[in-house]
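Student:
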Amino acid sequence: MGVEIERKFLPATDGWRQQGQPVLIRQGYLSSHPERVVRVRIYGDEAFMTIKSKAVGVTRGEWEYPLPLDDAQEFLDRLCEQPIIEKYRRRIDHAGFTWEVDEFLGVNAGLVVAEIELPSERQAFEKPEWVGVEVTDDARYLNSNLIRHPFSSW
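All residue numbers for the sequence shown refer to UniProt numbering, where the first residue is 1 and numbers rise by one.
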């Protein structure tokens, strides 16, 4: 079983904008049930299906499989819950870890979230100066919740 240990933060400043190259991500959900999320994602010119279990703290099971790009596009267009999540992602290396900063588009425009994946829940890490308040425990910031409760409706 794959394991994801992830923490989420809101940026305190826009210092992240000068770092990393933005890559467009389009993703949708075949299932957004809290017990099991099944996501289809097109990331640049690659596509994946990811299955995630319910989180316990900041840890949850995660399995990811490559998909043919045409199949992923058809899933997004015909099978996934709407609206599709669109965002630009920047990957930023800082103090031995990679931060992923997502700038959302469409009905979630204006939302920016920074994430870090860690090898263990107790792993210490240094936050970049532009990282602000932690929102890991706030379910509103789960991508699977943004399809039902978009940022524009908060």
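In this text, a Cβ means the ideal position worked out from N, Cα and C, and glycines have one as well. Keep in mind it's a predicted model, so treat the numbers as computed, not measured.
State yes or no: is the beta carbon of Asn145 nearer than 8 Å to at least one beta carbon in chain C?
Tutor: Included in the structure is just one protein chain, with no chain C present.
Student: For the beta strand (DSSP E) that Asp77 lies in, which residues bound it at each end?
Tutor: From DSSP, Asp77 is part of no beta strand (DSSP E); its letter is neither H nor E.
Student: Please determine, among Leu105, Tyr29, Arg60, the residue with the shortest C-alpha to C-alpha distance to Leu118.
Tutor: Arg60
Student: Since Leu142 and Phe75 are thought to touch, with beta carbons under 8 Å apart, how far apart are those beta carbons, to the nearest angstrom?
Tutor: The pair is not a contact, with the Cβ atoms about 20 Å apart (cut-off 8 Å).
Student: Would you call Ala109 buried or exposed, if buried means 16 or more other Cβ atoms sit within 10 Å of its Cβ?
Tutor: exposed
Student: Can you grab the Cα-Cα spacing for the pair Gln27 / Ser53, in whole Å?
Tutor: 18 Å
Student: Taking C-beta to C-beta, are Lys127 and Glu103 nearer than 8 Å?
Tutor: no
Student: Could you name the residues of the same chain whose beta carbon sits closer than 6 Å to that of Val38, not counting the 5 residues immediately before and after it, in chain order?
Tutor: Leu30, Ser31, Ile51
Student: So, using beta-carbon positions, are Ala47 and Ala12 closer together than 8 Å?
Tutor: Against a cut-off of 8 Å, the Cβ pair of Ala12 and Ala47 comes out as no contact.
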